[in-house]
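Take a look at the structure below.
Protein chains: 2
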Amino acid sequence: MAANSRVTIAAHALAWLELARRHGREVLTSEEVAASVNTNAVIVRRSLGDLQRAGLVRARRGNGAGFSLGRPATEITLLDVWLAVSPEPLLALHHSEPNLECQVGRGIRPVLTDLYDEATNTFRAALARWTVNDVLERILA
Amino acid sequence: MAANSRVTIAAHALAWLELARRHGREVLTSEEVAASVNTNAVIVRRSLGDLQRAGLVRARRGNGAGFSLGRPATEITLLDVWLAVSPEPLLALHHSEPNLECQVGRGIRPVLTDLYDEATNTFRAALARWTVNDVLERILA
DNA sequence: GTCGAACGTAACAGAAATGGTTGCTTCTGC
DNA sequence: GCAGAAGCAACCATTTCTGTTACGTTCGAC
Chain A
27 MAANSRVTIA AHALAWLELA RRHGREVLTS EEVAASVNTN AVIVRRSLGD
77 LQRAGLVRAR RGNGAGFSLG RPATEITLLD VWLAVSPEPL LALHHSEPNL
127 ECQVGRGIRP VLTDLYDEAT NTFRAALARW TVNDVLERIL A
Chain B
27 MAANSRVTIA AHALAWLELA RRHGREVLTS EEVAASVNTN AVIVRRSLGD
77 LQRAGLVRAR RGNGAGFSLG RPATEITLLD VWLAVSPEPL LALHHSEPNL
127 ECQVGRGIRP VLTDLYDEAT NTFRAALARW TVNDVLERIL A
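In order, the protein sequence lines correspond to chains A and B.
Using our numbering, read the first sequence as starting at 27 and increasing by one per residue.
Using our numbering, read the second sequence as starting at 27 and increasing by one per residue.
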């Protein structure tokens, strides 16, 4: 299966929000974000809705509404973003229960779960080393 | 999309091949492997076909045919397995090119590619720390 | 050389996920 | 009240994955 692009869209939106903020625009509409990401405004609202539930952005409704960062860009890591939009595991176990009459089938699931968790944790730790601010700085460099 | 289970199926098959080998059975048919994994024999042949192309197993055809390990279980890591069956990236970039008239849209792709690669490499390194033999030992423990 | 067991592979179906699109509802500042 | 924008539900097209059937191919046993 191909990986999804939600982390990319969310990171793009956050970097764009931070850049706009530095230019004095605290709030951007989903249309404005969608224009930069080059997708549909509903897609942006869906992604930013996930981020809002995680506290990474604020959404204001009504006239003059839009999205703004929920906390400083230096305090939003890519791990925060990943957790907000991609709760799925990186590797899946068997679809259907393996044969429990086989010694391997009986014991393999907790072992693989353990190893997959370990690998996923190193992946998360790597994402946690980068903030939205870092991403924007590297874009502007 | 949800992650696929090909690494799991492949690791299961390899552990089962190694256990059978220890019991004096060097060769197993796809039907026998499928019975332990609890899936269809074609699925097993597809997965083991990937492993064969990577040299991790050998497939014999003709009468009395089947699959056997291509090299010692102590020399097959989960990274080898992952590379053989899951070449897709863990995180995807934008589906359609971002707006190049926006500073963020222009610069974000190489930055994210870099960060994603870094995180993926730590994930790979974690998988490389475990061999099929380790997996089987933990199952039998 | 024939036979048959098992791999190799193509074709297809059902399910799920993803991105995209439209349309309607809800909220809220003016 | 009005208008602008988020929220949300309902689709659609595409892709991917697993599973299944079917058939061709290989090769050892006899």
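Glycine included, each C-beta is placed from N, C-alpha and C at the ideal position.
How about residue i: is its C-beta nearer than 8 Å to some C-beta of chain B?
i, result
"Glu144/A", "yes"
"Val83/A", "no"
"Phe149/A", "yes"
"Ile102/A", "no"
"Ser62/A", "yes"
"Val53/A", "no"
"Ser56/A", "no"
"Ser31/A", "yes"
"Asn159/A", "no"
"Leu77/A", "no"
"Ala41/A", "yes"
"Arg86/A", "no"
"Val70/A", "no"
"Asn89/A", "no"
"Ala99/A", "no"
"Ala37/A", "yes"
"Leu141/A", "yes"
"Leu138/A", "yes"
"Ala80/A", "no"
Give the DSSP-derived three-state secondary structure of residue i in the structure shown.
i, result
"Val63/B", "helix"
"Phe31/B", "What sits at residue 31/B in the sequence shown is Ser, not Phe. In this structure, Ser31/B counts as coil in the three-state DSSP scheme."
"Ala39/B", "helix"
"Ala151/A", "helix"
"Arg86/A", "strand"
"Ser73/A", "helix"
"Gly92/B", "strand"
"Leu117/B", "coil"
"Arg164/B", "helix"
"Leu141/B", "helix"
"Glu44/A", "helix"
"Gly81/B", "coil"
"Pro124/A", "coil"
"Pro136/A", "helix"
Would you list the one or two residues that DSSP bridges to residue i?
i, result
"Thr103/B", "Thr157/B"
"Leu54/B", "Phe93/B"
Using a Cβ-Cβ distance under 8 Å, would residue i count as near chain A?
i, result
"His49/B", "no"
"Thr65/B", "yes"
"Gly131/B", "yes"
"Val3/B", "Absent from the structure is residue 3/B, since the part of chain B shown begins at 27 and ends at 167."
"Thr34/B", "yes"
"Pro115/B", "yes"
"Ser94/B", "no"
"Val111/B", "no"
"Leu45/B", "yes"
"Leu153/B", "yes"
"Leu119/B", "yes"
"Ser122/B", "yes"
Our contact map puts residue i next to residue j with C-beta atoms below 8 Å; I'd like the distance itself, whole angstroms only.
i, j, result
"Gly75/A", "Gly96/A", "Contact flag wrong, Cβ pair sits at about 13 Å."
"Ala36/A", "Ser62/A", "That belief does not hold up - the Cβ atoms of Ala36/A and Ser62/A are roughly 13 Å apart, past 8 Å."
"Ala154/B", "Leu105/B", "4 Å"
"Ser31/B", "Ala118/A", "4 Å"
"Val53/B", "Arg87/B", "Contact flag wrong, Cβ pair sits at about 11 Å."
"His38/A", "Ile134/B", "6 Å"
"Leu40/A", "Val158/A", "4 Å"
"Ala29/A", "Pro115/B", "6 Å"
"Val107/A", "Val59/A", "About 14 Å; that fails the 8 Å criterion."
"Ser56/B", "Arg79/B", "Their Cβ separation, rounded to whole angstroms, is 16 Å, which puts Ser56/B and Arg79/B out of contact at 8 Å."
"Ser112/B", "Leu43/B", "About 19 Å separates the two Cβ atoms, so there is no contact after all."
"Phe149/A", "Thr139/B", "16 Å between Cβ atoms; not a contact."
The ligand SAM heavy atoms versus the CB of residue i: any closer than 7 Å?
i, result
"Leu138/B", "Only the bare structure without any ligand can be found here, which leaves the ligand SAM out of the picture."
Worksheet item: Are there three or more Cβ pairs, one per stretch, closer than 8 Å when the stretch 117-132 of chain B is compared with the stretch 125-132 of chain A?
Response: The answer is no - the stretch 125-132 of chain A does not touch the stretch 117-132 of chain B, with fewer than three Cβ pairs under 8 Å.
Practice prompt. Determine contact between the stretch 156-166 of chain A and the stretch 46-58 of chain B, defined as no fewer than three beta-carbon pairs at a distance below 8 Å.
Written response: Short answer: they don't touch.
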